[in-house]
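Working notes, structure below.
Residue numbers (this note's numbering), protein chains in the order written: chain L, 344 to 668; chain P, 6 to 116.
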């Protein structure tokens, strides 16, 4: 029988008095309980995202049109890069579990090598995440936001999205950004949009081959609806601004909430990866210094490993809900 | 504390399984077969259901073999897994249901 009763404590506070309820050490058990609460936090975030997604299911941005960048090429390829990121994280999970395995056998040098590989994998992942953010923030084709907050994008005759620069064409007039050095009383001016709104509207009027695509998704094809030129002209009469890229207030792909949730959830996950790398580094140096060799066991590697696998586990869900579903 | 035996073979096997599942997900995500993508089942497309199941399978392998839940005592494992399964399914069911009802309410009021 695996009965669990509290024994009179004898040891120090930090190891829970040497008790091993459920056959797990105090530290390992607390790591698990922390992970449970952290998992519920992520569940809350992803659940909130799901709520908004179901609320706006007929106008939510299509992830395949947003995350299409792959390094060293300009051909849009959805999924490829994020698949690479997922693979990196899974692989770093494997090296982590190999480090734990080597720790059980008290093979110090193997633990060092595997932990180093894990840390490198984590750094590659965070770097990739930063690159993904950069692409999302910089944007791609640009769009126009209407007064009611709706985002409209431009497509050519074949239904492929074209950039606002292309729509504006020759109607594009440059205006330099004012700087303090050029004026006496002038303090500063925010970013001047590269393309003024009226240039885009004029460009649209003069080019009959350009059509407008609205946020609404056609349930039969799951593609965004392309509206008629008349309707598009009416929509453009209510245009507010040209949008390029994404931030917390607006993004060129559609619903502002999409950007907000993306930044918040992947940011929170990236923060977990970053802290995981730091904790891994601390344990890594402790392994090199021989701390756990002297202690007689490598349980610390196991505990940090639990955290690392948890980060991987969360990414599996983030990957599904942001990129696949 | 020292376990003499090594689980290396098992670890690489689990890695293989996780990689294959990820590849299946990515291929399905790129090609989105129309029969799965446009068929609805329980409020979402069949494809999304497949993604959800594959994700849960991946989560199982990570938790059981990488996080060694398999090796823990039965009730320790249950304290962790049952808690999470219970609360997360409760939370997600109601949030998704309410999200859908918010959409219908919005259409009712503003269209």
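Ideal placement from N, C-alpha and C gives every residue a C-beta, glycine not left out.
Beta strand (DSSP E) containing residue 494 of chain L: first to last residue?
494-498
Proximal chain L residues relative to residue 44 of chain P, where beta-carbon distance stays under 9 Å
What residue 44 of chain P touches in chain L: nothing, since even the nearest Cβ is about 11 Å away.
List the endpoints of the continuous beta strand (DSSP E) containing residue 489 of chain L.
486-489
Would you say residue 444 of chain L lies against chain P (beta-carbon separation less than 8 Å)?
yes
Residues of chain P with CB under 8 Å from residue 473 of chain L, in chain order?
Residues of chain P passing the Cβ test: none, with the nearest at roughly 22 Å.
For chain L, is any of its Cβ atoms less than 8 Å away from the one on residue 53 of chain P?
yes
Among residues of its own chain, excluding the 5 on either side of residue 654 of chain L, which ones have a beta-carbon nearer than 6 Å to its beta-carbon?
615, 616, 619
Could you tell me which residues DSSP pairs with residue 46 of chain P in its beta bridges?
P:49
So for residue 554 of chain L, helix, strand or coil by DSSP?
strand
Helix, strand or coil for residue 26 of chain P, going by three-state DSSP, please let me know.
helix
So for residue 667 of chain L, helix, strand or coil by DSSP?
helix
Using the beta-carbon count (16 or more within 10 Å), is residue 549 of chain L buried or exposed?
exposed
Counting contacts by CB-CB distance shorter than 8 Å, is residue 80 of chain P in contact with chain L?
yes
Range covered by the alpha helix (DSSP H) that runs through residue 448 of chain L:
From DSSP, residue 448 of chain L is part of no alpha helix (DSSP H); its letter is neither H nor E.
Roughly how many angstroms separate the alpha carbons of residue 571 of chain L and residue 580 of chain L, rounded to a whole number?
14 Å
Closest to residue 501 of chain L by C-alpha separation, out of L:408, L:383, L:539, L:554, would be which residue?
L:554
Taking only the alpha-carbon atoms, compute the straight-line gap between residue 591 of chain L and residue 392 of chain L and give it to the nearest angstrom.
15 Å
Thinking just about the alpha-carbon of each residue, which of P:74, P:23, P:48, P:56 is nearest to the one in residue 38 of chain P?
P:56
Spatial neighbours of residue 445 of chain L in its chain, beta-carbon cut-off 7 Å, leaving aside the 5 residues before and after:
453, 454, 457
Determine, using beta carbons only, whether residue 403 of chain L comes closer than 8 Å to chain P.
no
Residue-chain proximity (residue 416 of chain L, chain P), Cβ-Cβ < 8 Å:
no
Along the chain, where does the alpha helix (DSSP H) containing residue 400 of chain L start, and where does it finish?
Unbroken run through residue 400 of chain L: none, as it is neither H nor E.
With residue 644 of chain L as the anchor, note down where its alpha helix (DSSP H) starts and where it stops.
642-662
If you drop the 5 nearest sequence neighbours on each side, which residues of the same chain put their C-beta closer than 6 Å to that of residue 438 of chain L?
457, 460, 461
Between the stretch 599-608 of chain L and the stretch 555-568 of chain L, do three or more beta carbon pairs fall short of 8 Å?
no
Extent of the continuous alpha helix (DSSP H) run through residue 630 of chain L
599-632
Give me the residue from L:449, L:371, L:440, L:399 with the minimum Cα distance to residue 639 of chain L.
L:449
Could you say which of P:108, P:26, P:70, P:106 lies nearest to residue 648 of chain L if we only look at CA atoms?
P:70
Examine the Cβ distances between the stretch 58-67 of chain P and the stretch 19-34 of chain P and report whether three or more of them are shorter than 8 Å.
yes
Exposure label - residue 472 of chain L; buried when at least 16 CB within 10 Å:
buried
Since residue 499 of chain L and residue 583 of chain L are thought to touch, with beta carbons under 8 Å apart, how far apart are those beta carbons, to the nearest angstrom?
Not confirmed; about 24 Å, so no contact.
Distance, residue 599 of chain L Cα to residue 666 of chain L Cα
17 Å
Here's the rule I'm using: 16 or more other beta-carbon atoms within 10 Å means buried, otherwise exposed. How should residue 483 of chain L be labelled?
buried
Roughly how many angstroms separate the alpha carbons of residue 504 of chain L and residue 74 of chain P, rounded to a whole number?
48 Å
In chain L, which residues lie less than 7 Å from residue 63 of chain P when you measure between Cβ atoms?
659
Nearest-angstrom Cα separation, counted from residue 568 of chain L out to residue 109 of chain P
20 Å
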